[in-house]
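Residue numbers (my numbering): 19 to 370.
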């Protein structure tokens, strides 16, 4: 990638009744990040004026633009939601969900036409968005659906740990029906590819968690480890992957063992996120791997209970922006490394 190229990163506001806009405001108070990439924020501009007054934040000038192509380096560029929407911090409603969905759809359209290099999504309320779009399940599923790509994988990232999920936003009651040897193997393959292309890990080591307590206790507490997970690990190893397990989740995250791998594959949402968030806390980033586009988000949620206090920590959002930039660079380096390989010459054959 051209060292002089500055990326254009879109940031959605999420639900404006939550802490998303506050973290965006605090992020933009750091002028260094404004000069490292073109930040394009999709949010009602008046939201930032309200936050500054309510929390007595440092005054910040926002550059209101009509389209991403007008963004200026060193500015907090805002594509404005033009309709005035009354709202109260900490109290989401259908109107704030409509804004969150508008920001998501607008950035998605800008990604598709090449106006953005990556998108960072602030948290929204799935329950509220479903009042506007009943088919909405989550960001990961949204991007997979609209970009018509299979193999999207939710990956939680920090400096010390990466955790991916086989299943995302599904009820535990139906979880075992969604797990199969094929599903676990595919998740392993997609995770290996993401680690190689997006994180520059040449030969990743991946730990796989079991589904049941104590990883099934040799089949005494469930058969999924014996019938699904272990066969998937064996198939992955036969395919050349460095996959290990299954490990019991409680002991795995409770020890330094989780730091000895390039990534961890969990079977379901809370299994992976509970351990990850206990370790990463506010620093974590959610990344949607397996797509042609780059989408990251801070690892925290809307935190409506915190939204009225002015105490939101922007470090997760900052890390999400930097991770998006790193992934773009790593993908470009991967493309260059793997394009136009040297041909296998006749001279080399003669030496054998």
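Glycine included, each C-beta is placed from N, C-alpha and C at the ideal position.
Query, Result
"Sufficient close CB pairs (3 or more, under 8 Å) joining the region 40-57 to the region 70-77", "yes"
"Endpoints, the alpha helix (DSSP H) within which residue 346 is located", "333-356"
"Residue 114 in three-state terms, based on DSSP", "helix"
"Three-state secondary structure assigned by DSSP to residue 175", "strand"
"Nearest neighbour of residue 187, chosen from 57, 95, 176 and 154 [CA to CA]", "154"
"Spatial neighbours of residue 27 in its chain, beta-carbon cut-off 8 Å, leaving aside the 5 residues before and after", "55, 56, 57, 58, 134, 135, 136, 137, 138, 339, 342 and 343"
"Burial state of residue 231 (16 or more Cβ within 10 Å)", "exposed"
"Cβ separation of residue 92 and residue 35, assumed to be a contact under 8 Å, to the nearest whole Å", "Not really, about 30 Å apart at Cβ, beyond 8 Å."
"Reduced DSSP secondary structure (H/G/I, E/B, other) of residue 186", "coil"
"Proximity of residue 181 and residue 293 at Cβ, strictly below 9 Å", "yes"
"Simplified DSSP state of residue 286, which is helix, strand or coil", "coil"
"Simplified DSSP state of residue 28, which is helix, strand or coil", "strand"
"Residue 322 versus 352, 281, 87 and 143, residue with shortest Cα-Cα distance", "143"
"Under the three-state DSSP convention, the category residue 263 falls into", "strand"
"Rounded Cβ spacing between residue 263 and residue 246 (contact assumed at less than 8 Å)", "That belief does not hold up - the Cβ atoms of residue 263 and residue 246 are roughly 12 Å apart, past 8 Å."
"Proximal residues to residue 105 (C-beta, below 8 Å), its chain only, five neighbours per side dropped", "34, 35, 111, 113 and 114"
"Boundaries of the beta strand (DSSP E) in which residue 57 is found, first to last residue", "56-60"
"Distance cut-off 8 Å: residue 56 Cβ against heavy atoms of the ligand FMN", "Among the ligands in the structure shown, none appear at all, so the ligand FMN cannot be discussed."
"Cβ contact check for the region 275-282 and the region 189-202: 3 or more pairs under 8 Å", "no"
"Opposing strand residues paired with residue 96 [DSSP bridges]", "59 and 82"
"Run of the alpha helix (DSSP H) containing residue 105, from where it starts to where it stops", "Note, residue 105: premise wrong, no alpha helix (DSSP H); not H, not E."
"Completely contained beta strand (DSSP E) runs for the region 289-334, where each covers 3 or more residues", "303-307 and 313-316"
"Burial state of residue 147 (16 or more Cβ within 10 Å)", "buried"
"Backbone CA spacing between residue 101 and residue 81 [nearest angstrom]", "18 Å"
"Euclidean distance between Cα positions of residue 51 and residue 218", "23 Å"
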